[in-house]
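Peer 1: Taken in sequence, the protein lines are chains A and B. In terms of the numbering used here, the first sequence is residues 22 to 179. In terms of the numbering used here, the second sequence is residues 368 to 772. Glycine included, every Cβ here is placed at the ideal spot set by N, Cα and C.
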Amino acid sequence: MAHLEADVRTAVAEAVYRASMALDAKEFGAFFALCDDSFHYLITAHSPEIRKDMTWLEHDRKGLETLIVNLPKHNSDHSPITRHVTVYTVEVAADGASAKVVSALQVFRTTLDGGVTELFAVGKMYDTVKITEAGPKLAHRRIHLDTRMLGIGYHVPF
Amino acid sequence: MTRNSAQWHQKPNFPNSHFVDTRIYTDDVLFREEQEKIFNKVWVIACHESEVPNIHDYRTFNHPGGAKLIVTRGEDNKVRSFYNICPHRGNTLLYDPVGNAKRITCIFHAWSFDTKGNCIDISRGKAGYQDRYGCDDAGLREVRAEIGFGGFVWVNVDDNASSLADYIGPAMELLGPNLNEPLEVFHYHKAVVDTNYKLWHDTNSEFYHDYMHYFNRATGMMQPGYFDRKYTGYPNGHASVGSMSIKYDAYEGSQARAVGWPGLAPGGWVLIDLFPGMTYNLRTSVLRMDTAIPLGPNKLLIEFRGLGLKSDTPEQRAERIRDHNTIWGPFGRNLHEDLLGVYGQGVAMNTGTDSKWVIHGREENSTIHDEIGMRHFYAEWSRRMERPAFDPYGDNKIGKLERAA
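1. Please list the terminal residues of the continuous beta strand (DSSP E) segment that includes residue 734/B.
2. Please list, in chain order, the chain A residues whose beta carbon lies closer than 8 Å to that of residue 692/B.
3. DSSP beta-bridge partners for residue 689/B?
4. Would you say residue 100/A lies against chain B (beta-carbon separation less than 8 Å)?
5. Roughly how many angstroms lie between the CA atoms of residue 376/B and residue 713/B, to the nearest whole one?
6. Using the Cβ count rule (16 or more neighbours within 10 Å means buried), how would you classify residue 772/B?
7. Residue 567/B lies in the alpha helix (DSSP H); which residues open and close that run?
8. Below 8 Å, can you find three or more Cβ-Cβ pairs linking the segment 403–420 of chain B to the segment 755–767 of chain B?
9. So residue 204/A and residue 555/B are supposed to be a Cβ contact under 8 Å. How far apart are they, rounded?
10. With a Cβ-Cβ cutoff of 8 Å, do residue 464/B and residue 507/B count as a contact?
11. Nearest to residue 109/A by CA position, among 28/A, 26/A, 37/A, is which residue?
12. In three-state terms, what does DSSP make of residue 419/B?
13. Counting pairs of beta carbons, one from the segment 110–124 of chain A and one from the segment 396–405 of chain B, are three or more of them closer than 8 Å?
14. Compare the C-beta of residue 661/B against all C-beta atoms of chain A and say whether one is closer than 8 Å.
15. Would you verify that the beta carbon of residue 126/A is, or is not, closer than 8 Å to some beta carbon of chain B?
16. Please work out which residues of its chain come closer than 7 Å, Cβ to Cβ, to residue 770/B, disregarding the five sequence neighbours upstream and downstream, and give them in chain order.
17. Could you say which of 617/B, 711/B, 559/B, 566/B lies nearest to residue 587/B if we only look at CA atoms?
18. So residue 646/B is in the beta strand (DSSP E); what residue range does that whole segment cover?
19. When you compare only the Cα positions, how much space is there between residue 710/B and residue 99/A?
20. Which residue marks the beginning of the alpha helix (DSSP H) containing residue 551/B, and which one marks its end?
21. Closer than 7 Å, Cβ to any Cβ of chain A: which residues of the segment 699–724 of chain B, in chain order?
22. Comparing C-alpha positions only, which one of 152/A, 131/A, 45/A, 105/A sits nearest to residue 56/A?
23. Consider the Cβ of residue 619/B: report whether some Cβ of chain A lies at a distance smaller than 8 Å.
24. What three-state label does DSSP hand residue 375/B in the structure shown?
25. Decide if residue 105/A is buried, meaning its Cβ has at least 16 other Cβ atoms within 10 Å, or exposed.
26. Might you give, ordered along the chain, the residues of its own chain that have their beta carbon closer than 6 Å to the beta carbon of residue 44/A, omitting 5 neighbours on each side?
27. Rounded to the nearest angstrom, what separates residue 474/B and residue 460/B at their Cα positions?
28. With contact counted as at least three CB pairs below 8 Å, one residue from each stretch, are the segment 633–649 of chain B and the segment 604–616 of chain B in contact?
29. What does residue 87/A reach in chain E if we use C-beta pairs closer than 8 Å?
30. State the beta-bridge partners of residue 151/A as determined by DSSP.
31. For residue 778/B, return the contacting residues in chain A, with the cut-off set at a CB-CB distance below 9 Å.
32. Restricting to Cα atoms, I'd like to know which of 754/B, 688/B, 502/B is closest to residue 63/A.
33. What is the DSSP secondary structure of residue 502/B, counted as helix, strand or coil?
34. Give the secondary structure of residue 515/B by DSSP, where H, G and I count as helix, E and B as strand, and everything else as coil.
35. If the cut-off is 9 Å on Cβ atoms, which residues from the segment 61–72 of chain A count as contacting chain B, listed in chain order?
36. Taking DSSP's pairing of strands, which residues face residue 722/B in a bridge?
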């Protein structure tokens, strides 16, 4: 049984990694293929200045898909970003139907001419993953950013 | 038809009030002068009263004139501001952006101050200074502070400046009915961008750049009433833009803003630009406040706040946050575009790029795509700087101001 649970943990972690690779490549179809229909996405941060937790972006799956579809209609910084993810923990639920994943997230941004790569943001990623016959599916993702100064910002979710 | 170098540098074929020399955005001498002649003379927003809600709460603030400030609420519930510097050896007194301190004690040599700025203890004072120097000589430098216009904490480092009410004058009347209830900040973030503060204020002072925003084109420019919005200029360089009804659900993924705002018509949008770098932007359900804090001629820190009503239910607050984030959060559709725009200006006009002029020449009876808002700003800038924005060093040799904006 232990090796079966290890297999599940590996598959869950790999799904998290594949999701980041898909977003890096802006292969949004591949990203959404890794998401459950109930997918819910948030970016949060804490502001000591106003003594409050803040939500900076929140969408259900449909809302996130619409946001992506609308991207070409907007003027955006096209500097590519690279997500460096390290899965810290995978806790599989007792019924084996889901897992909670905590990962470290670092986002690097590379200038359009490839000249400079700088650390854009750091934070942690808190995922809930459904374990289905079709493989692990992201059901809930909250990215909590330690970095609160993002310069001109970005149109693509982390 | 392209232009050669001489033509590129030639005075634009507009009145001198309708263009500026791009050195005003890049020149270090002018920037230092702006700090002295503008930022150290005017009222600026340091924070919101909801950021220091309790007795002894404090907030630190980097004043655009250069001084580091403390804003603190005293035992008497009064909000005061002081230089964040120990009068002894010049150390920073408070390091955290926010906190609660009954006594402000310098970490260096433990000199201590109360929330009224009085020195209350000099460690081993008598032993070292005898009767030559004591707490009466070592009070903090107090800066004038007033709360007003939506509960913001305003500061002015000029002891001789007129009152906040005199400085604002009638500029806030358009928002008067909308700011009667206590407000609360629910969003705060900062951005540092390589650009000039005036370029950010310009972006908040002209709507012609709605062509950059798909969201604004769909929900505003394509809707009735958009081209009827009018600019009004006020004394001291302030300006306002009247309302219209925004059709938020015209943007796929957005929706009608149901939660609304007291005194504002459904879908309403009122914007007030206050000289030299603050903007009240009330869009239906959220008040956004921008505060521009220049760090150099081509380096700008902007503080972004989103505010709702202090009386909000959790459901109302959640709606305001959602409405805010759609366009104004760090991942919002409009804010990123605006910042990308001024960053591009900072790159294109920086020192050594051979940029020369920026044109503010649109005249449309003061309606939404008229560039009178910027002309009004630069008339005040020129007055305070005692330099015309079209010729800050007098070497363009293109005459005097031909026509007031």
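Peer 2: Walking through what the data contain:
1. Element bounds for residue 734/B: n/a, residue is neither H nor E.
2. Simply 76, 77, 78, 79.
3. DSSP lists no bridge partner for residue 689/B.
4. Interface annotation, residue 100/A: not in contact with chain B, CB-CB separation never under 8 Å.
5. Answer to the nearest angstrom: the Cα atoms are 19 Å apart.
6. Confidence in residue 772/B is poor, its pLDDT being 42 and thus under 50, which makes the residue's placement unreliable; the coordinate value appears in the next sentence. Taking every protein chain shown into account, the CB of residue 772/B has 16 or more other CB atoms within 10 angstroms, so this residue is buried.
7. Per DSSP, residue 567/B belongs to the alpha helix (DSSP H) from 564–572.
8. Touching, no.
9. This structure gives no information on residue 204/A, because the portion of chain A shown stretches from 22 to 179.
10. Taking 8 Å as the Cβ cut-off, residue 464/B and residue 507/B do not qualify as a contacting pair.
11. Checked all of 28/A, 26/A, 37/A; the closest Cα to residue 109/A is 37/A.
12. Per DSSP, reduced to three states, the secondary structure at residue 419/B is coil, with no helix or strand assignment.
13. The segment 110–124 of chain A makes no contact with the segment 396–405 of chain B; the number of CB pairs closer than 8 Å stays below 3.
14. Output row for residue 661/B: interface = no.
15. So, not an interface residue.
16. Here residue 770/B scores only 47 on pLDDT, less than 50, and its place in the model is too uncertain to base an answer on.
17. Restricting attention to 617/B, 711/B, 559/B, 566/B, the CA atom closest to the CA of residue 587/B is found in 617/B.
18. Per DSSP, the unbroken beta strand (DSSP E) holding residue 646/B starts and ends at 645–650.
19. Their backbone Cα atoms lie some 14 Å apart in a straight line.
20. Here residue 551/B belongs to no alpha helix (DSSP H); instead the beta strand (DSSP E) covers 550–560.
21. The segment 699–724 of chain B vs chain A, Cβ under 7 Å: 700, 702, 703, 704, 706, 707, 710.
22. From the listed residues 152/A, 131/A, 45/A, 105/A, the smallest Cα separation to residue 56/A is found for 152/A.
23. True, the Cβ-Cβ gap to chain A drops below 8 Å.
24. In the structure shown, residue 375/B sits in a helix (DSSP, three-state: H, G or I).
25. The residue is exposed, with fewer than 16 neighbouring Cβ atoms inside 10 Å.
26. Closer than 6 Å at the Cβ level, and outside the excluded window around residue 44/A, lie 52.
27. Spanning the alpha carbons of residue 474/B and residue 460/B requires a straight line of approximately 7 Å.
28. As far as the Cβ criterion goes, the segment 633–649 of chain B touches the segment 604–616 of chain B, which means the pair count is three or higher.
29. The structure shown has no chain E; the protein chains it does contain are A and B.
30. DSSP output for residue 151/A lists 119/A, 158/A as bridge partner(s).
31. For residue 778/B there is no data in the structure shown, the boundaries of chain B being 368 and 772.
32. Among 754/B, 688/B, 502/B, the Cα nearest to that of residue 63/A belongs to 688/B.
33. Residue 502/B falls in the helix class under three-state DSSP.
34. Secondary structure at residue 515/B: strand, using DSSP grouped into helix, strand and coil.
35. Flagged, chain order: 64, 66, 68, 69, 70, 71, 72.
36. Secondary-structure assignment with DSSP links residue 722/B through no beta bridge to anything.
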